[in-house]
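Participant: This structure is in structure tokens; I'll ask about it shortly.
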């Protein structure tokens, strides 16, 4: 197996900024305390393809609601590879929770985005009842994959922003 990526925490400043923007119920001190307890994604077994992402917060998803969760994690990925994010099968099957964008594609250049490449996890509750995930629950898996390009590819632009930034001018 090739070692092609490295997880690390975003800065406390970036985590505070994104958490205050997306989650309104936490004070700066509470967010800083949560930041200290963030776990880097890990594989559960030597045969696991996916790296489990843990929710840093207690999550409450109301029926048919969605929420964007700042993970506190960024990932440096070797060029020519990407990370595909999918919900853990137990989350999708047992709780009927999906990623809002079905699956997440994390490009290698996202690491250099203005938001430090902060990985956001967008969850949607498909149920008619409330679903809870305590802090530390494994909610998503990241799987690293190689990708190819077309023979006439001419992409030269450099990423600067986060989610949606590559088509901001269109």
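In my numbering, the protein residues as written are 1327 to 1496. We treat Cβ as the ideally placed atom computed from N, Cα and C, and that holds for glycine. This one's a predicted model, so the numbers in the text were calculated from it and none came from an experiment.
Going along the chain, which unbroken runs of the alpha helix (DSSP H) with 4 or more residues stay wholly within the segment 1383-1422?
Facilitator: Runs found: 1415-1420.
Participant: Going by DSSP in three states, residue 1462 sits in which element: helix, strand or coil?
Facilitator: Locating residue 1462 in the chain shown gives position 136, where the first residue counts as 1. Here residue 1462 sits in coil by DSSP.
Participant: From the DSSP output, read off the bridge partner residues of residue 1450.
Facilitator: Here residue 1450 corresponds to residue number 124 of the chain shown, with the count starting at 1. For residue 1450, which the question treats as bridged, DSSP gives the partners 1392, 1424.
Participant: What residue does the alpha helix (DSSP H) around residue 1358 start on, and which one ends it?
Facilitator: Sequence index remark: in the chain shown, residue 1358 carries index 32 (1-based). 1354-1362 is the extent of the alpha helix (DSSP H) around residue 1358.
Participant: Tell me, to the nearest whole angstrom, how far the beta carbon of residue 1451 is from that of residue 1419; I am working on the premise that it is less than 8 Å.
Facilitator: On the chain shown, position 125 is the one that residue 1451 refers to. On the chain shown, position 93 is the one that residue 1419 refers to. Between residue 1419 and residue 1451 the Cβ distance is about 14 Å, and since that is not below 8 Å, they are no contact.
Participant: Out of 1332, 1328, 1327, which one is the CA nearest neighbour of residue 1434?
Facilitator: Translated into positions along the chain shown, residue 1434 becomes position 108. Ranking 1332, 1328, 1327 by Cα distance to residue 1434 puts 1332 first.
Participant: Measure the alpha-carbon distance for residue 1345 versus residue 1410 and round it to whole angstroms.
Facilitator: Counting from one through the chain shown, the residue named residue 1345 turns up at place 19. Counting from one through the chain shown, the residue named residue 1410 turns up at place 84. Approximately 23 Å, taken between the alpha carbons.
Participant: From the DSSP output, in three-state form, read off residue 1328 for me.
Facilitator: Your numbering for residue 1328 matches position 2 in the chain shown. Looking at residue 1328 - three-state DSSP - the assignment turns out to be coil, as it is neither helix nor strand.
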